[in-house]
């Protein structure tokens, strides 16, 4: 409860992938391919394009921030009233690609996340119910 | 799933109880009477729900004269909102799916 609202949290997932950046780039930027590994979407590789990622538990609101084909892609990722930024970095290696995903956001400050957010509660509990249905 | 999660999920799974908890989160401290007026169930039922919420650490009670005031303890939700670990698990899973897709894709 006493943590400052501005405390940043970052998630990094990195992997050596045995495919060239060009191929991974297609999977990261073509809607029908994105749907296969991430979620249903209306992504377009255009800076400032707003899109949604949709799953049965709710939707993520996104906006494209930066694109450098075959190298980097970043977009905002807002869900449960919390904003974060997802950045993909593709670095070619001798065997394929070093793929890095970094998601930077803020720790949900209790006041802000639970009392201030207009839509946070609804989605939070919808999600909670799904999880509950799975564990029963 | 850890036991704490289990208790929190089960406590908040009941719609009436969850509505009471949400109300305390939104509107701040309330008496049983005030909560009952909006809950659509009897006062004993509301008191029972508050007892379960208190057991789970989700509400705290404060006695003042003959009235008992209840308030939400948002810190109790912390185990459910460990954003970093939730997202890390999410992305690991998506990386797996991405790799599967890459294997199936044409060059």
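Protein chains in written order, with our numbering: chain A, 1 to 136; chain B, 1 to 107. Glycine included, C-beta positions come from ideal geometry on N, C-alpha and C. All values derive from a computational prediction rather than experimental measurement.
Over the uninterrupted alpha helix (DSSP H) stretch that includes residue i, give me the two end residues.
i, result
"residue 27(B)", "15-27"
"residue 32(A)", "31-37"
"residue 65(B)", "Where residue 65(B) is concerned, there is no enclosing alpha helix (DSSP H), given that its DSSP letter is neither H nor E."
"residue 39(B)", "32-39"
"residue 45(B)", "43-55"
Compare the beta carbon distance of residue i and residue j with 8 Å and say whether it is the shorter of the two.
i, j, result
"residue 16(A)", "residue 101(B)", "no"
"residue 69(B)", "residue 22(B)", "no"
"residue 38(A)", "residue 94(B)", "yes"
"residue 88(B)", "residue 24(B)", "no"
Just reading off the beta strand (DSSP E) that residue i is part of, what are its end residues?
i, result
"residue 53(A)", "50-55"
I'd like the list of long-range same chain contacts for residue i, defined as Cβ closer than 6 Å, with 5 residues on each side in sequence excluded.
i, result
"residue 78(A)", "61"
"residue 87(A)", "74 and 102"
"residue 43(A)", "31, 34 and 51"
In its own chain, which residues sit with a C-beta less than 7 Å from the C-beta of residue i, not counting the 5 before and 5 after it?
i, result
"residue 24(A)", "17, 90, 97 and 99"
"residue 13(A)", "101"
"residue 15(B)", "none"
"residue 67(A)", "45, 47 and 73"
Output needed for residue i: all residues of its chain with C-beta closer than 8 Å, excluding positions within five of it in sequence on either side, in chain order.
i, result
"residue 84(A)", "76, 77, 78, 103, 104, 105 and 106"
"residue 20(B)", "35, 39, 46, 49, 50 and 53"
"residue 93(A)", "16"
Where DSSP assigns a beta bridge to residue i, which residues make up the other side?
i, result
"residue 40(A)", "54(A)"
"residue 63(A)", "50(A) and 76(A)"
"residue 11(B)", "For residue 11(B), which the question treats as bridged, DSSP gives no partner whatsoever."
"residue 89(B)", "The partner list for residue 89(B) (beta bridge, DSSP) is empty, contrary to what the question assumes."
"residue 14(A)", "100(A)"
"residue 72(B)", "59(B)"
"residue 68(A)", "72(A)"
When every heavy atom of the ligand NAD is checked, does at least one fall within less than 7 Å of the C-beta of residue i?
i, result
"residue 95(B)", "Absence of the ligand NAD is noted for the structure shown, with no ligands found whatsoever."
- Message: Quick check on the DSSP output: what are the complete beta strand (DSSP E) runs of length 3 or more inside the stretch 75-102 of chain A, in order along the chain?
- Response: 82-93
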